[in-house]
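One structure is given below, encoded as structure tokens.
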Amino acid sequence: MRSMGEKNIHPIQIEDLKIPNNLWLAPMAGFSNQALRVFTKSFGAGLAFTEMVSVEGLIRLNKKTLEYIHLEEEGMAVVQLFGKNEPKKFYQAAQILRERAGAKIVDINFGCPVRKVVHNEAGSYFLKVPQTMGDVIKALKDAGLMVSAKIRSGFDRINIEETIPVLSEAGADIITLHPRLAIQFYRGKADWELFRKAREMTKAVLIGSGDVESPEDAERLFADFGVDGVMIGRRAVGAPYIFSQILDYFTTGQYHSYSITEIKALMIKFAEVYVNLTHKDSIIPIRGSLIQYYKNVPHANPLRQAISSAKTIIDLKTILENF
Ligand SMILES: Cc1cc2nc3c(=O)[nH]c(=O)nc-3n(C[C@H](O)[C@H](O)[C@H](O)COP(=O)(O)O)c2cc1C
Numbered sequence: 001m002r003s004m005g006e007k008n009i010h011p012i013q014i015e016d017l018k019i020p021n022n023l024w025l026a027p028m029a030g031f032s033n034q035a036l037r038v039f040t041k042s043f044g045a046g047l048a049f050t051e052m053v054s055v056e057g058l059i060r061l062n063k064k065t066l067e068y069i070h071l072e073e074e075g076m077a078v079v080q081l082f083g084k085n086e087p088k089k090f091y092q093a094a095q096i097l098r099e100r101a102g103a104k105i106v107d108i109n110f111g112c113p114v115r116k117v118v119h120n121e122a123g124s125y126f127l128k129v130p131q132t133m134g135d136v137i138k139a140l141k142d143a144g145l146m147v148s149a150k151i152r153s154g155f156d157r158i159n160i161e162e163t164i165p166v167l168s169e170a171g172a173d174i175i176t177l178h179p180r181l182a183i184q185f186y187r188g189k190a191d192w193e194l195f196r197k198a199r200e201m202t203k204a205v206l207i208g209s210g211d212v213e214s215p216e217d218a219e220r221l222f223a224d225f226g227v228d229g230v231m232i233g234r235r236a237v238g239a240p241y242i243f244s245q246i247l248d249y250f251t252t253g254q255y256h257s258y259s260i261t262e263i264k265a266l267m268i269k270f271a272e273v274y275v276n277l278t279h280k281d282s283i284i285p286i287r288g289s290l291i292q293y294y295k296n297v298p299h300a301n302p303l304r305q306a307i308s309s310a311k312t313i314i315d316l317k318t319i320l321e322n323f
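Heads up: the sequence shown begins at 1 in our numbering, then just goes up one per residue.
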């Protein structure tokens, strides 16, 4: 038994909100749908974030936007909001989240590097004008929600020494740092050293996001970089079981490696969770997620291509049987 694990994997309590553990699914546009959230929680993820949801869409009660905040049947999930610096609109959006999704906590996207979003002065645009992040946080706190903020290390230069104090002083309960610049998108390696610096700057719950691919990575992040929790994004799409692997590793020092047969069964299971939640037969929207299951499998191109044309679970099963 590892004594370290008990220290590192633990519940997180913020006011009256008890989050079962500190291994969380990251918000990922196009991937962190309800099925992935439910599926990763079944493997032990303590909390899961939605894809980013537009403040404008919410307050206009846009039908498609409201679908993103459908959290029924999944226990606790955190909705991630994005929008420009219009605190009143964030306040209104918070009311809607409380009323329609029973939200107690909300996350704000201060890191999205996509051109269209930055052009609209949302996402990582805020990193260029750190003071304005405080206005948004305060509006959400005024609306009675706990607030989580997700940032990158800066827009085109590292400036966590400017952003993190603003977030802390405005009352952010959780700060998640993805230590890449916005202009890097996903290139290069996440600079984990910045977690150590961030730790010294805030008393908020500090979550590390970026390049956690294995239980060993999670162990290093906890042991060497002082984070309170770990968020997993890309790896969790194709390996939702990474959460149980980490939990097992921290309690027993070992974890299960999934065979191809087991991976195939999980792909079908995930597709079933998806169709059950959407009440539709189509698995087209999750093809991109399904091919990730074969990310580290050699010579899998033909299989990935075949999956890219699967329309239903029956197609998926036939493809998997033939490979
Ligand atoms: C396809 C994709 C979509 C993403 N969408 C969002 C998003 O909507 N909001 C956000 O805060 N971060 C988003 N991210 C960033 C992730 O939350 C995470 O911080 C980043 O991918 C690094 O973690 P990872 O290496 O575990 O993937 C996205 C990442 C990817 C790959």
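From the three backbone atoms N, C-alpha and C, an ideal C-beta is built for every residue, glycine too. Everything numeric in this text was worked out from a predicted model, so none of it was measured.
Buried or exposed (CB count within 10 angstroms, at least 16 for buried), residue i
| i | result |
| --- | --- |
| Ala265 | exposed |
| Phe185 | exposed |
| Ser257 | exposed |
| Ala223 | exposed |
| Ile12 | buried |
| Arg157 | exposed |
| Ser3 | In this prediction, Ser3 scores a pLDDT of 40, lower than 50, which makes its location untrustworthy; the coordinate-derived value is nonetheless stated afterwards. With fewer than 16 Cβ atoms within 10 Å of its Cβ, Ser3 is classed as exposed. |
| Glu15 | exposed |
| Arg187 | exposed |
| Ser259 | exposed |
| Arg196 | exposed |
| Thr163 | buried |
Rounded Cβ spacing between residue i and residue j (contact assumed at less than 8 Å)
| i | j | result |
| --- | --- | --- |
| Ala29 | Met52 | 6 Å |
| Leu206 | Val212 | About 15 Å; that fails the 8 Å criterion. |
| Ala45 | Phe243 | 5 Å |
| Gly361 | Glu169 | This structure cannot speak to residue 361, because the chain is shown only from 1 to 323. |
Test item: CB-CB of residue i and residue j under 8 Å
| i | j | result |
| --- | --- | --- |
| Pro20 | Thr50 | no |
| Ala149 | Phe110 | yes |
| Ser209 | Leu247 | no |
| Ile268 | Ala310 | no |
| Arg152 | Leu181 | yes |
| Pro240 | Phe39 | yes |
| Ala101 | Ile69 | yes |
| Leu17 | Lys104 | yes |
| Asn22 | Asp173 | no |
| Pro179 | Met201 | no |
| Lys128 | Gly171 | no |
| Val79 | Ile108 | no |
| Val136 | Asn62 | no |
| Val55 | Ala93 | yes |
Residues bridged to residue i (per DSSP)
| i | result |
| --- | --- |
| Asp107 | Gln80, Ser148 |
| Ala48 | Leu25 |
| Lys317 | BP columns for Lys317 are empty, so no partner. |
| Ser209 | Met231 |
| Thr176 | Lys150, Ile207 |
| Leu181 | Gly154 |
| Leu36 | The partner list for Leu36 (beta bridge, DSSP) is empty, contrary to what the question assumes. |
| Leu17 | Ile14 |
| Val53 | Leu81 |
Residue-chain proximity (residue i, chain C), Cβ-Cβ < 8 Å
| i | result |
| --- | --- |
| Leu181 | Included in the structure is just one protein chain, with no chain C present. |
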